[in-house]
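Start counting the sequence shown at 1365; every next residue gets the next number (my numbering).
In what follows, a structure is listed as structure tokens, so that the remarks can point back to it.
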Amino acid sequence: YVWFDALINYVTVAGYGTDDAAFADIWPADLHLVGKDIIKFHCALWPAMLMSAAKHDAALRDVDGNAKLPRRVFAHGFFTIDGQKISKSLGNAIDPVELAKGYGDVGIDVLRYFLLRDIPFGEDGDFSRERLKERYVHDLANTFGNLLNRSVAMSRKYFDGKVPHAISHEPAYTFADERGVEALRKAFDAHADALRFDLALETLWNGIGTGDERRFGLLQANKFIEDTKPFQLAKTDMDATGVILYSLLEYCRNVAWLIEPVMPTVTRRIVEQLGQSFDEERTKDIDALVSWGGLRPGSALPEPSILFPPLDRG
1365 YVWFDALINY VTVAGYGTDD AAFADIWPAD LHLVGKDIIK FHCALWPAML MSAAKHDAAL
1425 RDVDGNAKLP RRVFAHGFFT IDGQKISKSL GNAIDPVELA KGYGDVGIDV LRYFLLRDIP
1485 FGEDGDFSRE RLKERYVHDL ANTFGNLLNR SVAMSRKYFD GKVPHAISHE PAYTFADERG
1545 VEALRKAFDA HADALRFDLA LETLWNGIGT GDERRFGLLQ ANKFIEDTKP FQLAKTDMDA
1605 TGVILYSLLE YCRNVAWLIE PVMPTVTRRI VEQLGQSFDE ERTKDIDALV SWGGLRPGSA
1665 LPEPSILFPP LDRG
């Protein structure tokens, strides 16, 4: 039963035998994710079943007469704790829902980010509560959250609570632009398409390029604030200050949409902190969302709130 009848469910739930139009639209799968312990059934037995059935049913054949097999099968690894398999019998099982509660209303996002960022997809990975906390504090609170909070707070303070006008594109005062966002997305998408989510997320934090030439990462964005000092520049050059802050706000918006598949709740909160309606923006396609100029200068910025609050020391 398990490795014959059960495998047939893949095509029957897609409409095979009951809804020909739906089945033709859905099948074959572009990507089939399985656990590494059952890969032989999905890469040997299941294709053999499909090829055999395709000889007798055109619905299972493509235009060239070949069996419609899943285009790609990818086997994920397992999590361990201190090198041991997680199991109830060993008493080391972790309730992910309870674990996420310790990180507030974005806890599920935080846990998803950590697992995809820290452990290459497809490999086994050792889970560590301390490592999770480190990622939360360094990557999320101190880097991403700090960048957003400072950028929104300074924009509100110096530009009457509104998104500043970037009246020039002076390179020294612009952290990112159209070409920068395009390059960042290209690098992110390449890693994501290869299912290297760890590298895709690393790109958002560390930027693209090598060595001192790395650009457009969240870490570089925070350094950009320290280098350009908009909090001091506002005393003498409001035009330059506006260019700096607009580029940072618009950069945060673009990164928020890139990271949405991993952290949807965080994306919603960022978009709303930038004065936009998440539900309205979400109706747009990804090319419109991840592009330069989505923030309208002069639009109101809500009072900033802490995206990733300090952890309870207890």
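Built from N, CA and C at the ideal position, the CB exists for glycine as well.
**Asked** Nearest chain B C-beta to Lys-1599 closer than 7 Å, yes or no?
**Response** The question asks about chain B, but that chain is absent: this structure has only one protein chain.
**Prompt:** From this set, Asp-1490, Gly-1468, Leu-1496, Glu-1645, which residue's C-alpha is nearest Tyr-1477's C-alpha?
**Reply:** Translated into the one-based positions of the sequence shown, residue 1477 becomes position 113. The option with the nearest alpha carbon to Tyr-1477 is Leu-1496.
**Asked** Measuring CA to CA, which of Arg-1617, His-1529, Ile-1483 is closest to Leu-1638?
**Response** One-based indexing of the sequence shown puts residue 1638 at position 274. Of the listed residues, the one whose Cα sits closest to Leu-1638 is Arg-1617.
**Asked** Does at least one heavy atom of the ligand PLP sit under 6 Å from the Cβ of Ile-1390?
**Response** Ligands in the displayed structure: none, and consequently the ligand PLP is not present.
**Asked** With burial defined as no fewer than 16 other Cβ atoms inside 10 Å of the residue's Cβ, what is the status of Pro-1666: buried or exposed?
**Response** Residue numbering aside, residue 1666 sits at position 302 when the sequence shown is read from its first letter. The residue in question, Pro-1666, is exposed, as its Cβ has fewer than 16 Cβ neighbours within 10 Å.
**Message:** So Ala-1386 and Gly-1379 are supposed to be a Cβ contact under 8 Å. How far apart are they, rounded?
**Reply:** Counting from one through the sequence shown, the residue named residue 1386 turns up at place 22. Counting from one through the sequence shown, the residue named residue 1379 turns up at place 15. Confirmed, about 4 Å.
**Asked** Whose C-beta lies closer than 8 Å to the C-beta of Leu-1675 among residues of the same chain, with five residues either side of it excluded?
**Response** One-based indexing of the sequence shown puts residue 1675 at position 311. Result list for Leu-1675: Gly-1466, Tyr-1467, Lys-1497, Tyr-1500, Val-1501, in chain order.
**Request:** Could you tell me whether the Cβ atoms of Gly-1486 and Gly-1455 are closer together than 7 Å?
**Result:** Counting from 1 along the sequence shown, the entry for residue 1486 is found at position 122. Counting from 1 along the sequence shown, the entry for residue 1455 is found at position 91. In this structure, Gly-1455 does not lie closer than 7 Å to Gly-1486 by Cβ.
**Prompt:** Can you check whether the CB of Ala-1598 is closer than 7 Å to the CB of Tyr-1537?
**Reply:** Residue numbering aside, residue 1537 sits at position 173 when the sequence shown is read from its first letter. Residue numbering aside, residue 1598 sits at position 234 when the sequence shown is read from its first letter. No; because the gap between Cβ atoms is not below 7 Å, this pair is not in contact.
**Asked** Which one of Ser-1641, Lys-1432, Gly-1573, Asn-1506 has the shortest CA to CA distance from Gly-1660?
**Response** On the sequence shown, position 296 is the one that residue 1660 refers to. Here residue 1660 is Arg; the residue named in the question, Gly, does not match the sequence. Residue Ser-1641 is the option with its Cα nearest to Arg-1660.
**Cβ neighbour criterion (16 or more within 10 Å) applied to Val-1474** = On the sequence shown, position 110 is the one that residue 1474 refers to. Classification for Val-1474: buried.
**Integer Cβ distance of Val-1437 from Cys-1407, believed to fall under 8 Å** = Here residue 1437 is taken as the residue at index 73 of the sequence shown, counted from 1. Here residue 1407 is taken as the residue at index 43 of the sequence shown, counted from 1. Right, their Cβ atoms sit about 6 Å apart.
**Message:** I'd like the span of the beta strand (DSSP E) that includes His-1555, first residue to last.
**Reply:** Residue mapping note: residue 1555 aligns to position 191 of the sequence shown, counting from 1. Not the beta strand (DSSP E): His-1555 falls in the alpha helix (DSSP H), residues 1542-1557.
**Message:** Check whether the region 1579-1591 and the region 1527-1534 touch, using three or more Cβ-Cβ pairs below 8 Å as the test.
**Reply:** no
**Prompt:** Quick one: what does DSSP say Phe-1580 is sitting in, helix, strand or coil?
**Reply:** Taking the first residue of the sequence shown as 1, we reach residue 1580 at position 216. Three-state DSSP puts Phe-1580 in coil, outside helix and strand.
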